[in-house]
Ligand SMILES: Nc1ncnc2c1ncn2[C@@H]1O[C@H](COP(=O)(O)O)[C@@H](O)[C@H]1O
Ligand SMILES: Nc1ncnc2c1ncn2[C@@H]1O[C@H](COP(=O)(O)O)[C@@H](O)[C@H]1O
Ligand SMILES: Nc1ncnc2c1ncn2[C@@H]1O[C@H](COP(=O)(O)O)[C@@H](O)[C@H]1O
Ligand code: NA
Ligand code: NA
Ligand code: NA
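Residue numbers (the numbering used here), protein chains in the order written: chain A, 192 to 517; chain B, 192 to 517; chain C, 192 to 517; chain D, 716 to 817; chain E, 716 to 817; chain F, 716 to 817.
This is how it looks when you write it as structure tokens:
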């Protein structure tokens with residue numbers, strides 16, 4: 192417990208989290224501080240490329256064992272299953288319509304790559320190793336949850352879902368999946384040779400870039416919270432912190448079953464606990480336009496993301512350490 | 192004198208100043224070379240974050256002594272006072288209307304953070320130490336000058352100034368103040384621990400980033416000069432190089448009274464000598480829309496900024512060294 | 192031969208080329224992965240600045256010998272001459288109109304700075320030295336080809352060319368020429384002193400930045416290929432891979448005549464073999480608006496650029512090594 | 716200068732729907748359109764701004780100049796896409812140069 | 716397709732005034748507006764371009780579709796904000812789909 | 716609020732031609748114009764998008780409000796620039812505030 196608290200304090204006082212807090216503060220105080228959209232996208236391309244590449248190099252170093260496949264499968268199953276849990280919780284805790292509840296559920300089955308990146312950098316700075324292929328698991332968990340959500344809606348008969356071929360392609364080939372998987376493969380192919388060439392671009396400045404990116408995430412989250420005051424009921428807020436804990440438990444179980452390392456278990460918890468705010472919202476606007484975007488964006492970006500970033504990650508890491516004895 | 196000249200030559204032939212000159216040349220020659228707006232904003236976010244953070248870490252290292260508070264107060268007073276000097280000079284040297292003169296005066300009471308950043312990097316490369324909290328002084332000096340200018344206008348009865356609550360918030364929470372103060376606090380809180388994590392992002396590439404940023408400043412200044420040929424009278428041009436010298440003297444006096452280090456005195460001179468071209472212009476567009484933006488932008492960005500960058504900074508540093516014996 | 196193949200394999204499996212391939216794949220698969228325009232421009236400014244500066248520092252280190260002038264002259268002559276060869280080949284191989292053929296020819300006389308940058312980084316990673324002033328040669332080769340192309344059109348009487356003073360200025364002062372020459376001069380003036388200051392910005396992260404830039408080039412090339420399916424005949428495709436070989440031979444001859452080093456010969460081959468897709472297309476839109484942009488962009492960016500990047504560069508380097516015995 | 720009567724249709728729509736809209740327009744026989752970026756806005760579903768967004772959110776404005784007789788087709792096509800979505804459609808009269816282009 | 720007469724108001728104004736303008740529009744009962752970025756322009760106060768700018772300068776275009784009967788209110792509100800400032804206001808007739816949205 | 720009849724001319728043109736167009740407009744006595752960015756579009760010469768472009772490609776939209784009596788001049792000037800180039804020109808009626816500005 193002592194350890195968890197000191198770890199949490201360490202995490203809370205890291206430049207990354209403080210940058211997020213600064214962004215949140217600036218947005219809530221209505222400062223006109225903004226990060227240009229193009230810069231934010233460029234930063235996210237950098238982060239995705241760097242994390243994917245590093246994962247690939249790690250796999251190249253250690254060889255691909257059977258763990259990769261089973262971890263991918265576990266991730267896909269979690270992404271399929273978690274929306275049902277989330278949907279049940281939402282229908283119990285809130286008065287959201289079937290469509291809105293299903294849309295929110297899709298976000299929680301999918302993942303937040305920035306939460307993953309932040310957790311990975313916390314692990315690195317604490318010297319805890321993890322499986323390089325967790326990056327591929329992250330990519331695999333982005334999309335399945337969307338299908339579960341659409342199935343929930345169609346079962347309730349409310350609103351025809353529109354899963355045309357175009358939407359499938361958009362979801363499966365969305366920018367972050369392609370970049371993550373692509374750079375993972377590039378890292379695997381080029382291995383340490385490639386790493387040596389671009390190390391001083393993707394390794395040394397990584398945490399600094401993450402700081403600026405989290406500053407922007409704080410700004411976006413804060414603006415979202417301000418714009419949607421009153422959108423969330425107390426029940427929805429409770430969901431926003433309970434669901435990540437439920438997800439983390441599911442991730443813990445999966446990680447232990449798979450026999451992952453301490454870092455791997457922590458990352459699996461983080462993936463299951465985190466909620467998407469890039470790929471899934473775009474898919475929902477196409478497939479479930481009747482669902483209110485303020486609800487799912489505010490919950491995932493305004494409540495769960497900050498929760499995971501500040502309290503969640505240190506807790507998940509500590510639990511993973513305690514349980515795996517790592 | 193010998194020293195000042197060789198220092199000036201050193202400064203003039205640094206990559207930073209040459210980049211500025213390149214930008215200026217390209218714009219005056221009407222090359223279509225441009226830095227995208229989003230990239231320029233991203234660079235400025237980087238510079239503000241890096242300089243603020245480094246200042247905070249420096250304060251964390253040396254502890255906050257009483258110097259911080261008195262330096263802040265001195266900065267605020269300078270910012271309040273200098274517009275009156277500038278206004279007097281302008282009314283003597285030029286035929287500008289009260290409104291235009293007051294608007295220009297506001298710019299010269301406030302500060303240019305890029306000039307400050309360049310001076311800080313000149314000090315670093317010469318191994319001259321300075322107080323980390325000068326960054327906070329810079330932030331404190333941004334806004335007070337605006338109030339003096341509006342008071343000058345209202346006293347003359349020409350044009351109701353419009354200082355509504357919104358404008359106050361915009362000025363006090365403008366992007367650069369929030370980012371500078373925020374990253375200063377983050378640096379103070381995380382100290383050397385935080386520095387180690389992001390050093391290779393904010394320290395090593397700093398001067399290179401500054402080069403590209405000054406390239407863009409040269410382009411912007413050059414385009415401004417070209418667009419406003421004939422806007423400035425000879426008197427105004429004289430003001431554009433005399434006022435920074437007057438400001439630098441006031442900054443020197445303040446720095447000596449405060450007992451700052453050699454670097455601190457130099458930075459105080461630079462702050463007082465520099466003129467705003469980001470925060471104050473935006474505030475003037477809202478509060479004094481009748482003032483002609485070509486006049487204040489051309490003076491501050493096209494005349495005083497290049498003057499400080501090329502001749503001013505080395506002169507101020509040399510004087511600070513001579514006077515403090517540093 | 193063995194060597195060429197292993198060099199080619201090495202090159203094909205470098206992170207840069209794989210990033211280009213990833214971009215190509217993503218665009219052809221219609222993924223919505225995109226690099227914002229502002230970010231792409233910022234990356235290209237970085238690359239131009241870094242390569243120019245490094246070239247200038249290299250010249251400062253070794254002194255300017257007579258080689259610079261003669262290499263510049265040779266480059267200009269190649270740029271003037273190659274469009275005639277290209278035009279002849281095109282009229283033989285394809286049914287393109289005079290205007291379209293001339294427009295394409297202009298692109299192949301001019302150069303692709305990204306191909307040059309990639310080749311320079313391949314040389315660096317193989318420890319092959321080259322003349323720093325090749326950067327200046329690259330800049331000098333951008334424009335002359337345009338004149339040859341316009342002369343070809345006017346000779347055929349088809350379409351009045353419009354070379355007004357404005358267009359001249361736009362071509363000679365286009366962004367990449369100004370930045371390349373400017374930073375070359377800055378590098379020459381500041382030499383190793385300047386290099387020390389900004390090395391960790393322009394040297395260490397260079398290859399990583401190039402990766403992201405080539406990712407975007409792949410995306411742009413892929414989107415272009417997709418949008419212009421069917422625009423190119425088989426003859427045009429043949430031209431797209433034969434012309435770079437012809438150019439490389441001309442470059443080889445020039446390099447040997449000039450007595451360049453192994454790296455210098457390789458770079459001269461690369462310059463002559465590469466085709467412009469930034470400066471020349473813009474000039475063609477103004478001067479030869481009747482020429483179809485899909486044809487010249489698809490050929491230069493969709494066919495020749497990937498060819499040079501993957502097979503061309505290793506071949507040219509190997510030939511240069513074989514011939515100069517380097 | 717000879718001008719010809721035409722209609723200018725302006726559709727403000729969510730960015731993820733842009734491709735579907737332009738595909739539908741093309742199917743309805745529209746020969747050209749232009750897409751303009753949108754910084755932000757406000758409507759029944761609240762206020763939003765593009766700044767700092769990371770995803771493919773936000774809106775775009777699609778402007779389409781067409782011959783008056785094709786307006787019905789275009790609006791039908793646009794409506795099927797916009798129907799369930801956030802967005803607005805407006806039409807105004809205009810004149811165009813070079814009618815052969817439309 | 717059923718359309719309804721409306722007015723399209725386009726206001727080109729300095730970026731630092733954008734918030735004040737949209738607040739005034741909202742107070743005047745306007746239910747929606749869209750903000751478009753502006754790259755540059757020229758007018759009585761000279762020529763300007765957005766490129767490379769660092770501050771919050773430049774201009775934006777605010778487009779507002781409204782029912783004709785609300786035009787007077789909107790123009791009054793816009794005018795108080797624009798009055799002392801650089802900028803232009805234009806109004807044209809248009810037709811909108813889904814009138815219930817305005 | 717007093718308004719005045721005017722014309723709104725919208726010219727969508729290749730970016731490398733922007734300077735030539737605005738110079739021609741200025742020579743034709745136009746006192747102001749606004750340049751808006753364009754993300755992409757489609758026309759006789761195919762589809763294009765701005766994303767990831769490095770060069771100075773793409774298109775821009777130039778909007779020009781003028782007094783009706785100056786329309787002929789403006790269109791003649793615009794036409795000489797646009798003539799051989801990709802691009803579209805449309806004109807609509809509008810009303811402007813502060814006619815003294817035009
Ligand atoms: N009356 C209007 N005038 C101009 N744009 C509007 C209007 N109403 C809505 N919009 C735009 O359409 C978007 C979605 O509107 P809504 O569907 O009402 O939320 C807004 O964010 C605005 O960009
Ligand atoms: N006649 C016009 N047509 C279109 N835009 C204009 C016009 N006049 C002014 N503008 C725009 O409004 C801005 C300020 O105009 P002004 O107040 O005349 O300097 C200009 O930079 C243009 O963007
Ligand atoms: N009917 C149209 N409506 C709106 N924009 C158009 C239209 N036709 C062409 N454009 C725009 O003008 C550009 C060039 O058109 P074009 O010359 O027909 O290839 C296109 O990429 C569009 O941005
Ligand atoms: Na999840
Ligand atoms: Na000052
Ligand atoms: Na060539």
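Where a beta carbon is used, it is the ideal one built from N, C-alpha and C, also for glycine.
Between the C-alpha atoms of residue 792(F) and residue 740(F) there is a straight-line separation of about 6 Å. Look at residue 779(D): its C-beta is not under 7 Å from any C-beta on chain F. Excluding sequence positions up to five before and after residue 401(A), its CB lies within less than 8 Å of the CB of 207, 238, 308, 309, 312, all in the same chain and listed in chain order.
Separation of the CB atoms of residue 273(C) and residue 221(B) is rounded to 29 Å, and the pair is thereby denied contact status at 8 Å. No Cβ of chain E is located within less than 7 Å of the beta carbon of residue 729(F).
Under the DSSP assignment, residue 220(B) falls outside any alpha helix (DSSP H); it carries neither an H nor an E label.
By the Cβ test, the region 240-249 of chain B is in contact with the region 316-332 of chain B, since at least three Cβ pairs between them sit closer than 8 Å. Under the 10 Å beta carbon count, residue 366(C) is surrounded by 16 or more other beta carbons and is classified as buried. Three or more beta-carbon pairs drawn from the region 252-272 of chain C and the region 449-458 of chain C are found closer than 8 Å, and the two stretches are therefore classed as touching. If only uninterrupted alpha helix (DSSP H) runs of at least 4 residues are considered, those enclosed by the region 311-398 of chain A are 325-331, 335-346, 356-363, 366-393. For ligand 6, a non-hydrogen atom lies closer than 6 Å to the CB of residue 302(C). Restricting attention to 285(C), 483(C), 407(C), 334(C), the CA atom closest to the CA of residue 425(C) is found in 285(C). The beta strand (DSSP E) runs of length 3 or more contained entirely in the region 759-800 of chain E are, from start to end of the chain, 761-764, 774-781.
Going by C-alpha positions, residue 801(F) is about 20 Å away from residue 722(D). Counting C-beta pairs with one atom in each stretch, the region 473-491 of chain A and the region 282-296 of chain A have three or more that are closer than 8 Å, which means they touch. Taken from the Cβ of residue 463(C), at least one heavy atom of ligand 6 lies inside 6 Å. If you draw a straight line from the Cα of residue 343(B) to the Cα of residue 293(B), it is about 6 Å long.
Note that the region 353-362 of chain B touches the region 465-479 of chain B; at least 3 beta-carbon pairs, one per stretch, sit closer than 8 Å. Residue environment: residue 495(C) is assigned as buried (16 or more neighbouring CB atoms within 10 Å of its CB, all protein chains considered).
The closest heavy atom of ligand 5 lies less than 6 Å from the beta carbon of residue 438(B). The closest heavy atom of ligand 4 lies 6 Å or more from the beta carbon of residue 507(A). A heavy atom of ligand 6 is found nearer than 6 Å to the CB of residue 299(C). For residue 749(F), there is no enclosing alpha helix (DSSP H); the enclosing beta strand (DSSP E) has its first and last residue at 748-752.
With a 10 Å radius around the Cβ and a threshold of 16 neighbouring Cβ atoms, residue 738(E) comes out exposed.
If you draw a 10 Å sphere on the C-beta of residue 224(A), you find 16 or more other C-beta atoms in it, and that means buried. Taking a 10 Å sphere around the C-beta of residue 197(A), we find fewer than 16 other C-beta atoms and assign the residue as exposed.
Taking the C-beta atoms as reference points, residue 371(C) is found nearer than 7 Å to residue 330(C). Contact between residue 314(B) and residue 478(B) fails: their C-beta atoms lie close to 35 Å from each other, not under 8 Å. With the rule of 3 Cβ pairs closer than 8 Å, the region 398-416 of chain C does not count as touching the region 424-443 of chain C. Close to chain B, meaning a Cβ-Cβ distance shorter than 9 Å, are the following residues of the region 208-227 of chain A: 209, 210, 212, 213, 214, 216, 217, 220, 221, 222, 223, 224, 225, 226, 227. Within the chosen limit of 6 Å, ligand 2 reaches the beta carbon of residue 780(F) through at least one heavy atom. Per DSSP, residue 517(A) lies in no beta strand (DSSP E) and is assigned neither H nor E. The bridge partners DSSP lists for residue 261(A) come to none. For the C-beta of residue 240(B), the chain A residues within less than 7 Å are, from N- to C-terminus, 403. Taking 7 Å as the cut-off, the Cβ atoms of residue 269(B) and residue 463(B) count as close. The three-state secondary structure of residue 481(C), taken from DSSP, is coil.
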